[in-house]
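S.K.: For the sequence shown, counting from 1, position 261 maps to 261 in full-length UniProt numbering; every step adds exactly one.
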Amino acid sequence: VGRKLFTKRVGVDSDYGGISDAEDITSLYKFKEGTEEERMAVLNAAKGAGLSFLFELPAPGKEDLEFDLLDIEKVVIGNPFYIQVEMTNRVGSIRTVTLSLSCNSFYLTGILAKKIKQERQIVVLQPYQKDVFRIRVNSDDYIDKLVDYSMMKIYAIATVKETQQTWSEEDDFTIEKPQLTIVTRGEIVVGREYGLEIQLTNPINRVLQECAFTVEGPGITRPMQIKFRDIQPGESIQHSLRFVPQRPGPRTIVVVFHSRQLIDVVGTKQVQVHA
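Here it is, written out as structure tokens:
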């Protein structure tokens with residue numbers, strides 16, 4: 001079992017062979033040693049590896065509760081979502097469940113980025129009762145904590161007091177960003193000035209500040225960055241651009257929108273430039 005995970009600290013260099021330039025990132029990969037979440041994770045790993053005999057785990061017949069972390073199929077940025085665990089008591093006895101739920105943003109590499117929400121709850125299930133435990137995650141909880149590609153990970157861990165049954169599950173999903181639309185009209189001809197329009201709607205309940213569009217179109221225009229005014233919540237904007245295409249053939253225009261509150265909103269348009 002790994003004890004510590006280190007990486008080099010940004011902006012710090014050690015010339016003396018010490019660890020002053022090391023950054024402890026263990027908490028990004030593992031629950032803190034000794035916590036209930038960490039113990040339950042170990043027990044679940046032991047079951048999956050066939051090492052149950054090393055721990056005081058319940059016999060299969062004592063695993064009398066069914067758990068299911070309900071998948072989140074689609075979340076549009078600006079909307080709330082629910083983390084939901086369905087629990088079913090299959091026996092005629094009361095069962096006491098300790099349930100831990102957490103939601104984090106994470107990078108494409110799999111490293112957790114920022115903790116968005118965490119909740120721990122004790123749930124008492126009556127004989128043969130079926131229940132759904134849910135927590136609501138509002139847009140204000142996650143808007144400022146999204147990182148590249150807006151990927152999210154949910155962890156759900158449970159243990160049953162009476163039988164020591166343990167369960168864990170995780171779910172990954174992506175927060176969908178708004179669509180950036182590029183509108184073109186008419187024929188595009190080499191050497192002739194041509195215009196297009198960028199359309200975007202602010203989907204979040206915040207003013208978008210420090211806005212800018214990055215535009216690329218090989219054979220149509222050189223890369224450019226265009227600063228734009230603040231965009232109010234729910235506001236739809238249009239911005240017109242003009243180009244003089246240099247080369248004929250099929251071309252791709254790519255526009256990326258950035259702001260302090262909303263990043264990496266991408267739109268593309270395939271066009272045909274005529275000679």
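Every residue, glycine too, gets a C-beta built ideally from N, C-alpha and C. Because the structure is a prediction, the values reported are computed rather than measured.
What would DSSP say about D171, mapped onto helix, strand or coil?
M.R.: strand
S.K.: Is it buried or exposed for residue 276, if we count other Cβ within 10 angstroms and need 16 for buried?
M.R.: With the chain running from 1 to 275 in the structure shown, residue 276 is simply not present.
S.K.: With a cut-off of 8 angstroms on the beta carbons, I'd call I83 and L112 a contact; round off their distance for me.
M.R.: Not really, about 16 angstroms apart at Cβ, beyond 8 angstroms.
S.K.: I need the straight-line Cα distance from L262 to T98, nearest angstrom please.
M.R.: 36 angstroms
S.K.: Report the partner residues of P250 according to the DSSP bridge assignment.
M.R.: Q272
S.K.: Please tell me whether I116 and K145 are closer than 7 angstroms, where the distance is taken between their beta carbons.
M.R.: Yes.
S.K.: With the cut-off set at 7 angstroms, would you say S139 and G195 are in Cβ contact?
M.R.: Not closer than 7 angstroms, so no.
S.K.: Which whole-angstrom value is the C-beta distance of E66 and T88, which I expect to be below 8 angstroms?
M.R.: Right, the Cβ-Cβ distance comes to about 4 angstroms (below 8 angstroms), so this counts as a contact.
S.K.: Would you give the residue range spanned by the alpha helix (DSSP H) that Y107 belongs to?
M.R.: Counting along the chain, Y107 falls outside any alpha helix (DSSP H), and DSSP gives it neither H nor E.
S.K.: Could you give the distance in angstroms between the alpha-carbon of V183 and the alpha-carbon of E197?
M.R.: 5 angstroms
S.K.: According to DSSP, simplified to helix, strand and coil, what is D68?
M.R.: strand
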